[in-house]
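Visitor: Just so you know, the UniProt record's numbering puts 113 at position 113 of the sequence shown, and the rest follows in order with no gaps. We put the CB at the ideal spot given by N, CA and C, even for glycine. My structure is below; once you've seen it, I'll send some questions.
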Amino acid sequence: MLTTERLLLRPWRVDEAAIQRELWTERDPRVPPHRRIDAAGHPTVADLEDAIRRSRPSSTGLLAIERTATHDVVGYCGLVRTERFPADEPELAYELLRRAWGHGYATEASWAVLGWARASGYERLWATVRDWNTASRRVLAKVGFTETGRTEPDPVHGTTLFFDRPLQSIRR
């Protein structure tokens with residue numbers, strides 16, 4: 001668990017699967033289909049409950065973002081491993097419910113994850129974002145990520161931009 005002035009980042013609880021599904025339903029239509037609800041309605045709340053049950057603690061994973069004042073979960077933030085990056089250089093990921101946008105929660109949660117990552121021995125983190133997602137690009141800039149110049153063009157869903165962040169010094 002990680003704490004900030006306003007947030008608690010912690011493992012997801014099975015009874016919060018509906019919040020995860022709400023995140024899926026709110027995604028921009030430009031997000032690739034594998035990250036949206038499909039024609040058959042998957043993932044369902046039951047699918048997401050099963051995924052939460054199967055998850056195991058590790059040095060990577062997406063933590064629920066709980067607002068400490070209201071005890072409601074408004075999204076996630078954490079580290080994920082992908083084939084795009086070396087195993088010892090995971091990717092920062094975050095997503096918030098629309099009702100939580102504009103309050104600085106993604107930035108605050110990201111700082112907590114960056115601090116934890118540095119303390120855990122990670123030396124570099126990566127992030128990817130679609131070129132049209134200016135809000136996420138602003139969050140990455142606020143927490144010290146820089147654009148690498150690497151891109152993956154996608155005329156349908158938007159070009160993926162690559163960012164990185166050395167963790168030698170974490171300063172706000």
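Would you kindly check if the distance between the Cβ of residue 154 and the Cβ of residue 148 is under 8 Å?
Guide: To locate residue 148, count along the sequence shown from 1; it is residue 148. To locate residue 154, count along the sequence shown from 1; it is residue 154. No.
Visitor: DSSP three-state call for residue 160: helix, strand or coil?
Guide: As a working mapping, residue 160 is identified with position 160 in the sequence shown. Residue state, collapsed to three classes: strand.
Visitor: Is residue 156 buried or exposed, if buried means 16 or more other CB atoms sit within 10 Å of its CB?
Guide: Within the sequence shown, residue 156 is the residue found at index 156, counting from 1. By the 10 Å Cβ count, residue 156 comes out exposed.
Visitor: Count the other C-beta atoms from every protein chain shown that fall within 10 angstroms of the C-beta of residue 66, then say buried if there are 16 or more, exposed otherwise.
Guide: Position 66 of the sequence shown holds residue 66. Residue 66 sits buried, since 16 or more C-beta atoms from the chains shown fall within 10 Å of its C-beta.
Visitor: Suppose you measure from the CA of residue 43 to the CA of residue 20; what does that come to, to the nearest Å?
Guide: Locating residue 43 in the sequence shown gives position 43, counting from the first residue. Locating residue 20 in the sequence shown gives position 20, counting from the first residue. Residue 43 and residue 20: Cα-Cα distance of roughly 10 Å.
Visitor: I'd like the ranges of any beta strand (DSSP E) spanning at least 3 consecutive residues and lying wholly in the region 80-131.
Guide: 91-96, 124-130
Visitor: Please report how far the alpha carbon of residue 55 lies from the alpha carbon of residue 138, in whole angstroms.
Guide: Mapped onto the sequence shown, residue 55 falls at position 55. Mapped onto the sequence shown, residue 138 falls at position 138. Looking at the two C-alpha atoms, the distance is approximately 30 Å.
Visitor: If you measure between the beta carbons of residue 146 and residue 163, is that distance less than 8 Å?
Guide: Position 146 of the sequence shown, counting from 1, holds the residue named residue 146. Position 163 of the sequence shown, counting from 1, holds the residue named residue 163. In this structure, residue 163 lies closer than 8 Å to residue 146 by Cβ.
Visitor: Taking the DSSP output, what are the residues bridged to residue 10?
Guide: Taking the sequence shown and counting its residues from 1, one reaches residue 10 at position 10. DSSP, once it has assigned bridges, lists 64 as partnering residue 10.
Visitor: Quick check: what's the CA-CA separation for residue 121 versus residue 96?
Guide: Along the sequence shown, one-based indexing puts residue 121 at 121. Along the sequence shown, one-based indexing puts residue 96 at 96. Rounded to whole angstroms, residue 121 to residue 96 spans 27 Å at the Cα level.
Visitor: CA-CA distance, residue 7 and residue 158?
Guide: For the purposes of this step, residue 7 is taken as residue 7 along the sequence shown, with counting starting at 1. For the purposes of this step, residue 158 is taken as residue 158 along the sequence shown, with counting starting at 1. When rounded, the distance between both Cα atoms is 31 Å.
Visitor: Using 8 Å as the threshold, is the C-beta distance between residue 91 and residue 134 below it?
Guide: As a position in the sequence shown, residue 91 is number 91, starting the count at 1. As a position in the sequence shown, residue 134 is number 134, starting the count at 1. Between residue 91 and residue 134, the CB-CB gap reaches or exceeds 8 Å.
Visitor: Look at the Cβ atom of residue 116, then the Cβ atom of residue 143, and state whether they are nearer than 8 Å.
Guide: Mapped onto the sequence shown, residue 116 falls at position 116. Mapped onto the sequence shown, residue 143 falls at position 143. Against a cut-off of 8 Å, the Cβ pair of residue 143 and residue 116 comes out as no contact.
Visitor: Between the Cα of residue 80 and the Cα atoms of 99, 126, 109, 74, which residue gives the shortest distance?
Guide: Here the question's residue 80 lines up with position 80 in the sequence shown. Nearest of 99, 126, 109, 74 to residue 80, Cα basis: 126.
Visitor: Here's a check: name, in chain order, each residue in its chain whose Cβ is nearer than 8 Å to the Cβ of residue 60, leaving out the five neighbours to either side.
Guide: On the sequence shown, residue 60 is found 60 positions in, with the first residue counted as 1. Cβ within range, chain order: 78, 79, 80, 81, 90.
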